[in-house]
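Take a look at the structure set out below.
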């Protein structure tokens, strides 16, 4: 839930109240982006946690991250239920433009996760990229010091990387321009 968006906290609070309606004030309290579970005993608490996590999974309240990079910029979209909830883009400096496609795509993932880390930490999320080799990022041997530094910034995050063909991702991020003419675009909320 990006707090920069107008009414995001109130909208999230309303959604959580609807999702947990039957359990509110019995063993669940929701306050902005915190879901508090309380119980009398440890055994009861484990049951309540299972119930809460099951409800979240049933309602598919998971975040997905779509990233892409071109020769001129990086972009990412934070999505939930196949709808964009936040955008990120950055123009590449001349030095970064000289990096390989693999490195630019990895840079897009790292910067996006850093930007939305408070919303992603402690939750399983999916990163979709059009760079097929990044699917095996966590299984690869990191050769360069820079790759090791980037990977260390992803530690503590529970994510999986999925390949998605480039044309599907570029539909979400027109700012990356297929032909290399990078222009600044004004993103509008859907």
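Numbering (the numbering used here), first residue to last: 26 to 215. Note that the Cβ used here is the ideal one computed from N, Cα and C, for glycine as well. As the structure is a computational prediction, the values presented were derived from the model and not from experiment.
Original post:
In whole angstroms, what separates the C-alpha of residue 180 from that of residue 41?
Top reply: So the alpha carbons of these two residues sit roughly 28 Å apart.
Original post:
Around the C-beta of residue 192, are 16 or more other C-beta atoms found within 10 angstroms, so that it is buried, or is it exposed?
Top reply: Its pLDDT being 49, under 50, residue 192 is placed unreliably by the model, and nothing is read from it.
Original post:
Shortest alpha-carbon distance to residue 88 belongs to which of 163, 169, 146, 190?
Top reply: Measuring from the Cα of residue 88, the nearest candidate turns out to be 146.
**OP:** Say whether the segment 118 to 128 touches the segment 146 to 166, bearing in mind that this needs 3 or more beta-carbon pairs closer than 8 Å, one atom from each stretch.
**Re:** Contact holds: three or more Cβ-Cβ distances are below 8 Å.
Original post:
Per DSSP, what kind of secondary structure is residue 192 in: helix, strand or coil?
Top reply: Low per-residue confidence applies at residue 192: pLDDT is 49, beneath 50, and the placement is therefore not dependable, though the value from the model is reported in the following sentence. Shown here, residue 192 sits in a helix according to DSSP, grouped into three states.
Original post:
Are there three or more Cβ pairs, one per stretch, closer than 8 Å when the segment 129 to 141 is compared with the segment 89 to 97?
Top reply: Yes, they touch.
Original post:
Helix, strand or coil: how does DSSP classify residue 98 here?
Top reply: Strand at residue 98.
Original post:
In whole angstroms, what separates the C-alpha of residue 54 from that of residue 61?
Top reply: Distance between the alpha carbons of residue 54 and residue 61 is about 5 Å.
Original post:
Hey, residue 186 and residue 162 are a contact pair by Cβ (cut 8 Å); roughly how many whole angstroms apart?
Top reply: Confirmed, about 6 Å.
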